[in-house]
Every structure is written in structure tokens, then in C-alpha cells.
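Colleague:
Residue numbers (the numbering used here): 13 to 100.
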């Protein structure tokens with residue numbers, strides 16, 4: 013993974029939560045935690061039960077990519093107060 017310091021349990025929980033969210037792009041996870049998409053996949057594989065990971069991967073493959081470039085310019089989303097504020 014690309015982070016220089018180990019992730020805390022709370023950070024891992026938040027990354028998993030963000031990865032499950034349909035509207036959170038991988039770029040937001042990368043900016044906030046320094047993990048690229050492949051690192052998020054690796055983290056999810058390590059931290060989740062095999063069946064949950066397979067369900068998540070299947071869900072990710074059956075939907076449009078979670079990337080900022082695929083959003084329309086007028087897309088406005090609610091941000092959790094737990095999530096740092098970044099603009100894309």
C-alpha cells in the first residue's frame with residue numbers, strides 16, 4: 013500500500029465504508045488516505061470475509077466506475093461530517 017504510516021482501526025473502517033458507498037469515488041479515498049484503487053481492493057480483501065469481498069467485487073464490476081471523471085458537472089452530494097472536505 014502507498015501510505016507511509018499504518019492505518020488505524022477507525023481509518024480502516026472508514027475506508028471500507030467509503031468503498032461500499034456507491035457515490036464515493038476512489039479519488040476521494042486516495043486524497044484522504046493515500047490509497048489508490050488497487051490498494052483499496054487489497055485492503056478490502058484482507059479485512060473482509062471472503063464472501064463479503066466477493067459480493068463487493070461483484071457489485072463493483074456490475075456498475076459504472078466510481079471515478080470523478082464519470083460524474084456530471086451538476087452532481088452535488090451530501091458529505092458525511094466524518095469525511096474531510098475536498099473539492100473535485
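Glycine included, every Cβ here is placed at the ideal spot set by N, Cα and C.
Following the continuous alpha helix (DSSP H) through residue 26, name the residue where it begins and the one where it ends.
Modeller: Locating residue 26 in the chain shown gives position 14, where the first residue counts as 1. Membership of residue 26 in the alpha helix (DSSP H) is indicated by the continuous run 21-32.
Colleague: Identify the continuous alpha helix (DSSP H) that holds residue 12 and give its terminal residues.
Modeller: Summary: the structure shown does not reach residue 12, with the chain confined to residues 13 through 100, and so no result is reported for it.
Colleague: Could you give the distance in angstroms between the alpha-carbon of residue 49 and the alpha-carbon of residue 40?
Modeller: Start at 1 with the first residue of the chain shown, and residue 49 comes out as number 37. Start at 1 with the first residue of the chain shown, and residue 40 comes out as number 28. The straight-line gap from Cα to Cα measures roughly 10 Å.
Colleague: Taking only the alpha-carbon atoms, compute the straight-line gap between residue 55 and residue 24 and give it to the nearest angstrom.
Modeller: Position 43 of the chain shown, counted from the first residue, corresponds to residue 55. Position 12 of the chain shown, counted from the first residue, corresponds to residue 24. Their Cα atoms are separated by approximately 8 Å.
Colleague: Under a Cβ-count criterion, where at least 16 other Cβ atoms within 10 Å of its own Cβ denotes burial, should residue 21 be classed as buried or exposed?
Modeller: Residue mapping note: residue 21 aligns to position 9 of the chain shown, counting from 1. Residue 21 is exposed by the Cβ-count criterion.
Colleague: Please classify residue 35: does DSSP put it in a helix, a strand, or coil?
Modeller: In the chain shown, counting from the first residue as 1, residue 35 sits at position 23. If DSSP states are grouped into helix, strand and coil, residue 35 belongs with coil.
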